[in-house]
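In what follows, a single structure is set out as structure tokens and then discussed.
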Amino acid sequence: MAQNKAYQTYQNNAVNTASGGELTLMLYNGCMKFIKQAIKDVNAKNYEAKNTNIQKAQNIIQELMLTLDQKVEISKQILPLYEYIHFQLKEANIKNEIALLEEALGLVTEFRDTWKQVILKTRQQQFAQGAQV
């Protein structure tokens, strides 16, 4: 019990101290986790759990859509992709189709991997600038 509380405190601290970029990375990772679990749920014919996990993934995609800065040109290109992922998740939930979940998972994974590279490059640039001071 105490171990569980300590882990929960650790998780809360990780979220509370994360940068905006790290929070976005956490959202992508969470979305991937829920989609993977929904795939397992479909295979196990556990449709209630599948529905719950797909809804959690959809909520994350909606949050990502809401946080896009529409003044930035790339956001106008990302939004339709997020909308497509959201649509695929909805269709997968209705049709219980793993292929649709796998397609959504592939797209979210690409976003996550790209975002991870952005964070790494930003850190490298900040470190290089800090070293020059």
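Residue numbering for the sequence shown follows my numbering, beginning at -2 and increasing consecutively. Think of the CB as a built atom: it goes at the ideal place given N, C-alpha and C, for glycine as much as any other residue.
Under 8 Å between C-beta atoms of residue i and residue j
i: TYR25; j: PHE84; result: no
i: LEU86; j: ILE51; result: yes
i: LYS118; j: LEU22; result: no
i: TYR79; j: ILE57; result: no
i: LEU63; j: LEU76; result: no
Collapsed DSSP secondary structure at residue i in the structure displayed
i: VAL69; result: coil
i: TYR4; result: Only weak support is given to the placement of TYR4: the predicted model assigns it a pLDDT of 48, under 50, and the value that follows is read from those uncertain coordinates. Three-state DSSP puts TYR4 in a helix.
i: PHE41; result: Residue identity differs from the one stated: residue 41 is Ala in this sequence, not Phe. ALA41: coil per DSSP, three-state reduction.
For residue j and residue i, believed in contact at Cβ under 8 Å, the rounded distance
i: ILE71; j: LEU104; result: That pair is no contact at about 16 Å.
i: ALA96; j: ILE32; result: Going by Cβ atoms, the distance from ALA96 to ILE32 rounds to 12 Å, so no, they are not a contact pair.
Beta-carbon contacts of residue i that lie in its chain and below 6 Å, excluding the five residues immediately before and after
i: ILE116; result: GLY18
i: ASN93; result: VAL39
Residues of its chain near residue i, where Cβ-Cβ distance is below 7 Å and the 5 sequence neighbours each way are ignored
i: ASN48; result: ASN90
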